[in-house]
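Structure first, then comments.
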Amino acid sequence: MKKLTNLILIGGILLCSWSCNLDYFERAEIGDIVFDPSIAIPVGEITYTVEELFQELNDAGAEVGSTPDNVVTLTYEQQLQSQTATSFLAVQDQSFGGTLSGGSNVTNPATQTTVSVSNTFEFQLSQRNSEEYDSIYFQDGRLNVQLQSEFSSPVDYTLTFISLEDNGSPYVLTGRLTASSPNLDLNQSLAGWRGFFHLDRNGNVASDRFLVSLAYDVIVSPGSSITATEGIDLNVAITNTAFDAVYGDVGTKDLTVSFDVANLDFFSQFSSGTLRFANPSVDIIFQNSFGFPLGVTFPEFAAITDNGTIIPLTGTVNDNVNIVTGPSLAQQGDIQVSNVIIDRNNSNIDQLLSAQPRKIVVDVNTVSNPPSGPDQYNFVEESSILDVSTRIEIPLELNLNNLGAERSVNFTNGDNLTDATRLLFRIVSENELPMGGNIELQFKDSNGDVVFTVDEQQGFSAAAVGPDGRTTEVTTTVSSIQMQDADIRAIENATTISVLVNLSTTNASSNDAVKFFNDYELKFKLAVQADVSLNSNGE
Amino acid sequence: MANKMRKVLLLVVLSIICSATFAQGYLSFYQLRDIVPQTQNLQPAFIPDNTFSISLIPTVGVNVQGDWALEDILSRPPGQDELTVDFNVLSAATNASDFLSIDATVNVFHLGYKTKVGAFSLFSNVKSNLDFKYNEDLIDFLANGNGDFVGETIDFSGNSLKYEAFQEIGLGYANTYLNNRLTAGVRMKLVTGMFHASIQEGASATLATDVNDFTWTVNMQNATVNTAGLDYLFNSDDYADGDLTSYLTNNQNSTVAFDLGAKFKIKEWLEVEAAINDIGSITWKEQARNYNIYDTTAVFSGVELRGIEDSDQVFEDSLTAKFRSDETRRAFKSNLPTRIFLTASYYLTANDRFSVTYFKRAALEGMPANMAFSFNHRFEKFVVGVQALYRGSNNEINFGANVGTNFGPVQLFAATDNFLILNKPETYSKADFRVGLNLLFGYKKWKKKDDIVDLDKL
């Protein structure tokens, strides 16, 4: 029994000795836990309407709206110039003069004798060009009246200004001139007065007539004498006037308005390719409260491109006089709005705008009461104004063929890439627009040097267009951008990304123009698959 | 920081190794049979050889068994000294469906008394079981994220996790029939649940990642995690001192469970045995918590990028908003981890036995069975045995051994299912060993004179 026990014990020891092998754990230390998963994450999505997309592109230089048939439009509006009444019309200073003689010889009468004389003077207002005033409502001004008596006897006079009313009645001056005080020199404010110049002294309709009635009595005492040639000199001056309103005929006056439309930012970002707008229009808008019509012509209307090319406007709109209406007398105080619409039917405006102009230079010449305009009684109020503005409306019915655009966006995510060893960006576009785009990304450092380039690839595809002009489907494009470890390290110090986009509309090579309706959407889904290496010691 | 993490990790790994080293060897330990009274925990029909037995000290057994070898968990890249946890290695070592089980049993006391026709036993155990069933998709996802599944669906269904701890105190009795050819045993136990955490049966979850935009489609059904008693641990500030002790010793999570066993000697040389342990279930009523995610199919395609600020928070909020959840306190039921032993033994002599044993622990559905082929020889004062074990799930073969002594009133015993563990332990996924010390009285009282072998004469 003892032998067997020993045998078993020895066998057991030998077995354990033979079987003991812990080499795997010799000198072993527990190292870092390395966790290197690959995580595919749907980051999110962003949806652009056509309006939002072009808003992004144009830096708010234009308003984005819609036409009545829901085609998106780019609209540039600019208030160009205003013409006020005071800059348009100034009443000239007036001066009139005349003498009214006694017409009788009286020598040393036995008793006091009175000689009475009266006359109505009719003066003509002096005007520029063909102006004719029927009435003026004075806001301000001065009336200067001078009387000088040649009689040695006293004279009682009455001076009635038929053409000047104060509080509804003609202005009347009365008084006595004597040998010792033969002169009257009166300076009177015209504020609030009205001048009526529409009748002659016979009561007939006329213009620019200034009527003054002078009547006087010469009192000849015994021992005094007067001669028939002696009389009273009358001088009247109207100066420094300002008006509330002028009625009559302002005649024909030129008014030139010059302006540039320079905020065409939408075009400034395109660097290559072609762009053709199918139906753009420029609306020159006149808001006129002057009481007369205007004739409008465009002595200069041209588009100037970035490279200095000048494309002049041609067509009937440039050849003809365009009429701007003014309010009638019954519409006094109203503003009449007239539009001069420049479109492809009356001009080559589509060529001008399709040339991606840097600015548009416009000279507008207006002339009052043009021969081709309506025959209209004129008036000018102190508040009358002529505003000229422009509205360039570009319906997005266009053709783009490899139109290049570039945008720069800040890149601030470099610090988040430390643990990433491979990145796969997945961009899925769902596009209803009849426009596709190829995209190239250039990562740039703070010096502007390109540190990594994602080569051009299709970002979104143009949707097919049906017979009704609307797109018939949503096109889905899946793009992948893969960055290996070295690429990621390269962009860690990038500060900006230049996004270069080449845009082409559906069937661009056929020169077809497509419409962008306001219910179209372009959706981008962004996803990323990141291979990350996480170390338990945080490295 | 790095050194601290290394130390923590080393501690965890060594703890697992040590636990495994002293683990309970079910199959090898089973072969000690009537020699060691504690084998009644495995087969109630075993009747100890001695009249009276008492365990001297509480014995602790921990069984760690998984489908990963140690070198999978602690891999060693070629040419390097450092051991590392490499999720890719773990993933590569994972089969379609694998298991990891850790069960610990503290035998608080065991008292045995043998009669002319049977035996009584009084015992108390504390058991803790953690069972984790995982599939290839889950480990691949944990190791590699969803990057390998773009355009595919990750199916987490079938993964299961169950942890529970309970105490039992019971009385056992075995009796012989048919002139000692048949022995039947039964143990009735009062089981008190202490802690529980499990994923509700029938829970399923899938994650599909779109091939183009990586949109996640998450489908969750019956997603409930049930717990009991854990609130004492995780929200201890909410409870007074002594509340936990009071809960552990007396609560409403109690039930009655049974162990059943029988052995039958068909021929003098052929014996068959069967045992089913831990038959019963616990209805967790006290301290029950149910963390529910409503049935949903959530599609997450990211966030609205326009005007986004604090993107991380927005992303998190957007994702969590896809799911609705609540916490309830409904009672729930869990089955005890039933263990089944089926054995057929061939007796070459009265003291030489060849056995084939089938063992299955049915804590989770689909857990693989173990098979063992054993030989035991019985000497007068001890018994020795060797065995070969086969684990079907990963085709691993281990060699076990056992020995039980009977020197006087003191009994020493040891058993292991894998005595080759010291030879390249990194290649094994199971290691266990059990030693114990009992006091035995009246061993020879029940032995026939002829059965007592005088080894010296041999």
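For the record, the sequence lines run as chains A and B. Per the numbering used here, numbering of the first sequence is gapless, rising by one per residue and ending at 562. Per the numbering used here, numbering of the second sequence is gapless, rising by one per residue and ending at 672. Cβ atoms here follow ideal geometry from the backbone N, Cα and C, with glycine treated the same way. In this text, all values refer to a predicted model and were calculated from it rather than measured experimentally.
Residue i - partner residues in DSSP beta bridges
i, result
"P132 of chain A", "Looking at the DSSP assignment, P132 of chain A forms no beta bridge with any residue, so it has no partner."
"G246 of chain A", "In DSSP, G246 of chain A forms no bridge with anything."
"R648 of chain B", "B:A629"
"N167 of chain A", "A:N210, A:A260"
"S342 of chain B", "B:A318, B:A379"
"M458 of chain A", "A:T528"
"T181 of chain A", "A:T197, A:A238"
"D272 of chain A", "A:E155"
"Q310 of chain A", "A:V360, A:D410"
Coil, strand or helix - residue i by DSSP
i, result
"A85 of chain A", "coil"
"P193 of chain A", "strand"
"E479 of chain A", "strand"
"D362 of chain B", "helix"
"A353 of chain A", "helix"
"A388 of chain B", "strand"
"D231 of chain A", "coil"
"P322 of chain A", "strand"
"Y277 of chain B", "First, the residue type needs correcting, since residue 277 of chain B is Asn and not Tyr in the sequence shown. Strand at N277 of chain B."
"Y556 of chain B", "This sequence places Leu at residue 556 of chain B; Tyr is not what is there. Note: L556 of chain B maps to strand in three-state DSSP."
"E579 of chain B", "coil"
"S643 of chain B", "coil"
"L549 of chain A", "strand"
"F290 of chain A", "helix"
"S532 of chain B", "helix"
"A411 of chain B", "strand"
"A237 of chain B", "Low confidence applies here, because A237 of chain B scores a pLDDT of 31, under 50, leaving its location unreliable; read the following figure in that light. A237 of chain B falls in the coil class under three-state DSSP."
"F219 of chain A", "strand"
Neighbour flag for residue i against chain B, beta carbons, 8 Å
i, result
"V95 of chain A", "no"
"A51 of chain A", "yes"
"Q552 of chain A", "yes"
"K548 of chain A", "yes"
"L45 of chain A", "yes"
"D55 of chain A", "yes"
"S61 of chain A", "yes"
"E496 of chain A", "no"
"I308 of chain A", "no"
"F58 of chain A", "yes"
"E455 of chain A", "no"
"G482 of chain A", "no"
"I327 of chain A", "no"
"I568 of chain A", "This structure cannot speak to residue 568 of chain A, because chain A is shown only from 24 to 562."
"E68 of chain A", "yes"
"P65 of chain A", "yes"
Beta carbon proximity, residue i to chain A, threshold 8 Å
i, result
"R514 of chain B", "Contrary to the premise, residue 514 of chain B reads as Phe rather than Arg in this sequence. Judged by the 8 Å Cβ criterion, F514 of chain B is in contact with chain A."
"A237 of chain B", "Reliability fails at A237 of chain B, whose pLDDT of 31 lies under 50, so the model's placement of it is uncertain and the value that follows must be treated cautiously. Closer than 8 Å: no."
"L297 of chain B", "yes"
Pair within 8 Å by beta-carbon distance, residue i and residue j
i, j, result
"G599 of chain B", "N616 of chain B", "yes"
"L336 of chain A", "I372 of chain A", "yes"
"Q480 of chain A", "S502 of chain A", "yes"
"F315 of chain A", "L376 of chain A", "no"
"F539 of chain A", "L456 of chain A", "yes"
"N470 of chain B", "L385 of chain B", "Before going on, a small fix: residue 470 of chain B reads as Val here, not Asn. No, the Cβ-Cβ distance between V470 of chain B and L385 of chain B is not below 8 Å."
"E145 of chain A", "D256 of chain A", "no"
"V649 of chain B", "A628 of chain B", "yes"
"I346 of chain A", "P393 of chain A", "yes"
"F472 of chain B", "V570 of chain B", "no"
"F546 of chain B", "N504 of chain B", "yes"
"Y180 of chain A", "L237 of chain A", "yes"
"F58 of chain A", "L557 of chain A", "yes"
"D427 of chain B", "R449 of chain A", "yes"
Minimum length 3: unbroken beta strand (DSSP E) runs contained in the segment 422-506 of chain B
430-435, 437-442, 468-481, 484-493, 495-498
For the segment 280-313 of chain B, which segments carrying the alpha helix (DSSP H) assignment without a break, of at least 4 residues, lie completely within its bounds, in sequence order?
284-287, 301-306
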